[in-house]
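Structure record follows, encoded as structure tokens.
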Amino acid sequence: MSNYYADKLNSQSLFQVYETDIPRVKQYLDAEIDFVRKNLSGSERVLEMAAGYGRIVKELASYCGSIVGMDISAENVELGKEYLKDFPNASMVTMDAHKMTFDDTFDVILCLQNGLSAVRANPAVIDNIINLLAPGGAVYFSSYSARFWDWRVKWFEEQAAKGLLGEIDYDQTKNGVIICKDGFKAMTHSPEDFKKIGDAIGLPYQIKEVDESSIFLIIQKK
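For the sequence shown, the positions run 1 to 222 when full-length UniProt numbering is used.
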């Protein structure tokens with residue numbers, strides 16, 4: 001799926017995804033950012049994975065010390081550099097989530113809006129995320145709440161109507177998984193899935209539902 005985001009759903013196409021006309025989807029997007037924002041003190045070094053063109057980076061830049069947006073698409077990163085030009089503490093970098101290397105650690109790492117599904121994260125990716133986390137830091141993973149399913153489908157229908165995604169395959173779209181006829185597949189991490197990840201890592205964690213639209217797994221590094 002990383003190649004899909006790099007080759008098809010990137011740059012201006014990705015920008016159009018978030019220009020939604022569905023108020024409930026806008027509420028969901030804002031609620032995720034607001035939840036993270038309220039947990040920032042203002043001095044953190046933040047990394048956002050699968051950052052696209054920097055939509056969330058821009059919203060959080062004024063609430064942390066520095067923030068890096070990482071994305072697999074070079075086109076997204078170039079758009080992001082222009083999008084973030086007025087935020088000197090924000091930057092963008094082209095990088096594959098499966099091959100992340102940074103010279104320093106981060107106080108907060110974000111993998112939001114179903115990011116683990118988007119990057120097809122395996123246990124090695126998650127272990128590397130924890131390794132990039134500074135002592136005392138926290139990582140935020142989020143996915144969709146089951147309560148948000150109908151709105152999520154409507155949002156994907158809107159994207160398909162814009163030509164950003166293929167037509168939805170309704171026969172296969174169910175149980176938290178959306179499949180399009182062009183091969184796009186969006187999974188979901190349930191609270192049970194997040195519990196398994198938290199238990200496997202062995203660090204303190206919380207699972208929270210936000211706005212009846214997002215499920216968050218928050219892991220803290222001692």
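Even for Gly, the Cβ is constructed at its ideal location relative to N, Cα and C.
Give me the residue from the options with the minimum Cα distance to residue i.
i      : options                           : result
Gly166 : Phe148, Trp149, Trp151 and Ala186 : Ala186
Ala97  : Ala51, Glu75, Gly80 and Ile67     : Ala51
Arg152 : Tyr63, Leu132, Tyr28 and Gly115   : Tyr28
Ile129 : Leu164, Gly198, Ala161 and Arg147 : Gly198
Asn131 : Asp150, Asp107, Gly115 and Phe148 : Asp107
Arg120 : Ile219, Ser66, Ile72 and Glu32    : Ile72
Lys85  : Met100, Gly54, Met70 and Lys99    : Gly54
Ile33  : Val57, Glu44 and Met70            : Val57
Contact defined as beta carbons within less than 8 Å: I believe residue i pairs with residue j. What is the distance between those atoms, to the nearest angstrom?
i      : j      : result
Leu60  : Leu40  : 7 Å
Gly80  : Tyr63  : Not a contact, Cβ separation roughly 18 Å.
Asn89  : Ser117 : About 29 Å; that fails the 8 Å criterion.
Phe194 : Ile215 : 7 Å
Ile218 : Ala138 : 6 Å
Please report the straight-line C-alpha distance between residue i and residue j, rounded to a whole angstrom.
i           : j      : result
Ile207      : Met49  : 19 Å
Lys159      : Val17  : Checking the sequence shown, residue 159 turns out to be Gln, not Lys. Taking the straight line from one Cα to the other gives about 6 Å.
Ala200      : Pro123 : 9 Å
Gly163      : Trp155 : 13 Å
Ser91       : Gly136 : 23 Å
Thr20       : Lys222 : 39 Å
Thr94       : Tyr83  : 15 Å
Gln220      : Leu133 : 9 Å
Met1        : Gly115 : Here the model assigns Met1 a pLDDT of 43, short of 50, so the residue's position is not dependable, and the following value carries that caveat. Their Cα atoms are separated by approximately 11 Å.
Asp104      : Asp171 : 46 Å
Asp30       : Phe148 : 14 Å
Ala6        : Asn175 : Note that Ala6 has pLDDT 49, beneath the 50 cutoff, so the model's placement of it is unreliable and no number is given.
Val46       : Gln12  : 25 Å
Ile22       : Pro204 : 36 Å
Asp127      : Asp211 : 29 Å
residue 224 : Met70  : Nothing in the structure corresponds to residue 224, since the chain is present only between 1 and 222.
Name, in chain order, the residues that DSSP records as bridge partners for residue i.
i      : result
Thr94  : Asp71
Glu48  : Gly69 and Leu110
Ile219 : Val139 and Tyr205
Ala146 : Bridge partners of Ala146: none, in fact.
Lys196 : For Lys196, which the question treats as bridged, DSSP gives no partner whatsoever.
Trp214 : According to the sequence displayed, residue 214 carries Ser and not Trp. Bridge partners of Ser214: Tyr144 and Val210.
Ala186 : Ile178
Ile126 : Its beta-bridge partners do not exist; DSSP assigns none.
Less than 7 Å between the CB of residue i and some heavy atom of the ligand NAD, yes or no?
i      : result
Phe184 : With respect to the ligand NAD, the structure shown offers nothing to examine, as it has no ligands at all.
Would you check if there are 3 or more beta carbon pairs closer than 8 Å linking the segment 137–146 to the segment 110–117? These segments touch.
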